[in-house]
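Novice: When you line the sequence shown up against this note's numbering, it's residues 1446 to 1801, in that order. Beta carbons are placed, not taken as given, at the ideal position from N, Cα and C, and that holds for glycine.
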Amino acid sequence: MDITITKTTSPKAKPADETGLGFGKIFSDHMFIMEHDKGEGWHDARIVPFGDISLSPAAMVLHYGQEIFEGLKAYRTPDDTIRLFRPEENFKRLNVSARRSVIPEIPVEDSIQALNELIKTDVEWVPRTSGASLYIRPFIFAADPFIGVRPSDKYYYIIFTSPSGAYYSTGLNPVSIYVEENYVRAVKGGMGFIKAGGNYAASLIGQQEAHAKNYEQVLWLDGVERKYIEEVGAMNVFFVIDGCVVTPELSGSILPGITRMSVIELCRKWGLKVAERRLSADEVFAAYDNGKLSEIFGSGTAAVISPVGVLSRGERAIEINGGKIGEISQRLYDTLTGIQYGRIPDDMGWTRKVEI
Ligand code: PLP
Ligand code: COI
């Protein structure tokens, strides 16, 4: 794929203090754009200065939400190379999302090439501080100016990047979550298994109510029986019950997280018992009552491994592992971030060097 590069003539100042980056607020100098038109395919791949884009008010994404995205990170290692964590998995998942939302797919190698060129262009934006990284946001949306309901005749594929720190303001300190019993995020047959913008729109009201009750996130239940645990707003969820690491099975309504897959692979490699199965909220509370629930944690690109300190449902709130990070959560956090930041050998072959 040919990519033309136009560099900015007015580079922005980079954040002076990388310890206070927060998440997703600062954007690097450039972005990648490619367009798709009916009969023409993907064309005009280019890297241009990061900036506003112009769209017709009739652009279909603004009315019917035909949009999908990904989230991954680039890390600077001690020997000053830049590494991506399992990027092929993100771009394969982008194509799964594309198929479900009738958006044209993009060859995985083209996405990798585009991302490599973008990071090369903005390499100075990859943070140097431990715990910070370059968050990458690829997304595709429908741009056809037409207000009938049908798949769009025009799409944009954009990738931009954002130097970021911890997703939750609590960092690695345990988060508190609350079992949502009124609203559901997705149902089997819908779009819950892909990264579609609309899924997040559906989740906002639950998150708002959780915040009003002083919880950081919502734990979603299945949309049919409202019994079985699905996932948290921006992460998959794991429970350590009687020594076994249990996570909801990929039912068709939860996102198949790449961190989730990596957690399962690591736990199996360490000889821990792992189960991907249906798990009800009742079972979790019963395991707590029997003294068998030792840890809860979430997994995600932005969230990394986030221990859960408090789980609440209705009037009841339980404290997990004394509100502290558990042994397995800590080991997973140390191993995953160790591999990502190049502090420990990547025995799993998960990282990919960016060619600068
Ligand atoms: N579930 C949801 C709803 C998410 O938004 C994310 C974040 O991408 C995840 C799970 C975790 O997925 P991954 O580990 O691929 O980042
Ligand atoms: C991610 O972990 O990459 C996400 O996309 C989570 C969120 C910011 C939507």
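Please go through the same chain and pick out, in chain order, the residues whose beta-carbon is closer than 6 angstroms to the beta-carbon of P1596, but skip the five residues on each side of it.
Specialist: Counting only Cβ-Cβ distances below 6 angstroms, and skipping sequence neighbours, we find V1547.
Novice: Tell me which residues share the same chain as M1680 and place their Cβ nearer than 6 angstroms to its Cβ, disregarding the 5 neighbours each side in the sequence.
Specialist: Excluding sequence neighbours, M1680 sits near G1743, S1744, G1745 and A1748.
Novice: From which residue to which residue does the alpha helix (DSSP H) around A1559 run?
Specialist: Taken as a continuous stretch (DSSP letters only), the alpha helix (DSSP H) holding A1559 covers V1553 to T1566.
Novice: Given that a residue counts as buried once 16 or more other Cβ atoms are within 10 Å of its Cβ, and exposed if not, what is K1518?
Specialist: Classification for K1518: buried.
Novice: Note down the Cα distance separating G1767 from S1774, rounded to an integer number of angstroms.
Specialist: If you take the alpha carbons of G1767 and S1774, they lie about 14 angstroms apart.
Novice: According to DSSP, D1482 sits in a beta bridge with which residue or residues?
Specialist: According to DSSP, which records beta bridges pairwise, D1482 is partnered with G1486 and K1599.
Novice: Assuming L1529 and R1797 are in contact, meaning their beta carbons sit under 8 angstroms apart, how far apart are those beta carbons, in whole angstroms?
Specialist: Right, the Cβ-Cβ distance comes to about 5 angstroms (below 8 angstroms), so this counts as a contact.
Novice: Is it buried or exposed for T1780, if we count other Cβ within 10 angstroms and need 16 for buried?
Specialist: It counts as buried.
Novice: Flag F1742 as yes when its Cβ comes closer than 8 angstroms to any non-hydrogen atom of ligand 2, and as no otherwise.
Specialist: No, ligand 2 has no heavy atom inside 8 angstroms of this Cβ.
Novice: If you measure from each residue's Cβ to the nearest non-hydrogen atom of ligand 1, which ones come out under 6 angstroms, in chain order?
Specialist: Per the Cβ criterion, the list is G1516, E1676, A1679, M1680, N1681, L1700, G1702, I1703, T1704, R1705, S1744, G1745 and T1746.
Novice: Taking only runs that begin and end inside the segment 1611-1693, name each unbroken beta strand (DSSP E) of 3 or more residues, in chain order.
Specialist: For the segment 1611-1693, whole beta strand (DSSP E) runs of length 3 or above, ordered along the chain, are 1620-1624, 1662-1666, 1674-1677, 1681-1686 and 1689-1693.
Novice: Would you please verify whether the beta carbon of A1458 is less than 9 angstroms from any beta carbon of chain B?
Specialist: The structure shown contains no chain B, having only a single protein chain.
Novice: Taking buried to mean at least 16 other C-beta atoms within 10 Å of its own C-beta, is D1589 buried or exposed?
Specialist: Buried.
Novice: Under the criterion of a Cβ to heavy atom distance below 8 angstroms, does K1640 qualify as lining ligand 2?
Specialist: For ligand 2, at least one heavy atom lies less than 8 angstroms from the Cβ of K1640.
Novice: Would you call the segment 1612-1623 and the segment 1483-1498 touching, i.e. three or more CB-CB distances under 8 angstroms?
Specialist: No, the segment 1612-1623 is not in contact with the segment 1483-1498.
Novice: Excluding the five sequence neighbours on either side, which residues of its own chain have a C-beta within less than 6 angstroms of the C-beta of I1709, listed in chain order?
Specialist: Hits under 6 angstroms: V1719.
Novice: Whose C-beta lies closer than 7 angstroms to the C-beta of E1625 among residues of the same chain, with five residues either side of it excluded?
Specialist: Once the five neighbours on either side are set aside, the close Cβ partners of E1625 are G1651, V1663, L1664, W1665 and L1666.
Novice: Can you give, in chain order, each stretch of the alpha helix (DSSP H) that sits fully within the segment 1748-1775 and has at least 4 residues?
Specialist: As far as the segment 1748-1775 is concerned, it has no whole alpha helix (DSSP H) run of at least 4 residues.
Novice: How would you label D1727, buried or exposed, when you count the other beta carbons within 10 angstroms and need 16 or more for buried?
Specialist: Classification of D1727: exposed, given that the 10 Å Cβ count is below 16.
Novice: Closer than 8 angstroms is the cut-off here; do at least three beta carbon pairs connect the segment 1692-1705 with the segment 1731-1741?
Specialist: The answer is no - the segment 1731-1741 does not touch the segment 1692-1705, with fewer than three Cβ pairs under 8 angstroms.
Novice: Can you find a heavy atom of ligand 2 that lies under 8 angstroms from the Cβ of A1762?
Specialist: Not so, every heavy atom of ligand 2 lies at least 8 angstroms from the Cβ.
Novice: With H, G and I counted as helix, E and B as strand and the rest as coil, what does DSSP make of K1737?
Specialist: Three-state result, K1737: coil.
Novice: Could you pull out every residue in the same chain whose Cβ sits closer than 7 angstroms to the Cβ of I1801, ignoring the five residues on either side in sequence?
Specialist: For I1801, where only same-chain residues beyond five positions count, the Cβ hits under 7 angstroms are I1527, K1565 and V1568.
Novice: V1545 lies in the alpha helix (DSSP H); which residues open and close that run?
Specialist: A quick correction: the sequence has Arg, not Val, at residue 1545. Counting along the chain, the alpha helix (DSSP H) containing R1545 begins and ends at P1532 to R1545.
Novice: Looking only at its own chain, which residues have a Cβ that is under 7 angstroms from the Cβ of V1669, when we skip the five neighbours before and after it?
Specialist: Contacts found: V1632.
Novice: To the nearest angstrom, how far is the alpha carbon of S1751 from that of E1676?
Specialist: Going by the C-alpha atoms only, they are around 13 angstroms apart.
Novice: With 16 other CB atoms within 10 Å as the buried threshold, where does P1523 fall?
Specialist: With fewer than 16 Cβ atoms within 10 Å of its Cβ, P1523 is classed as exposed.
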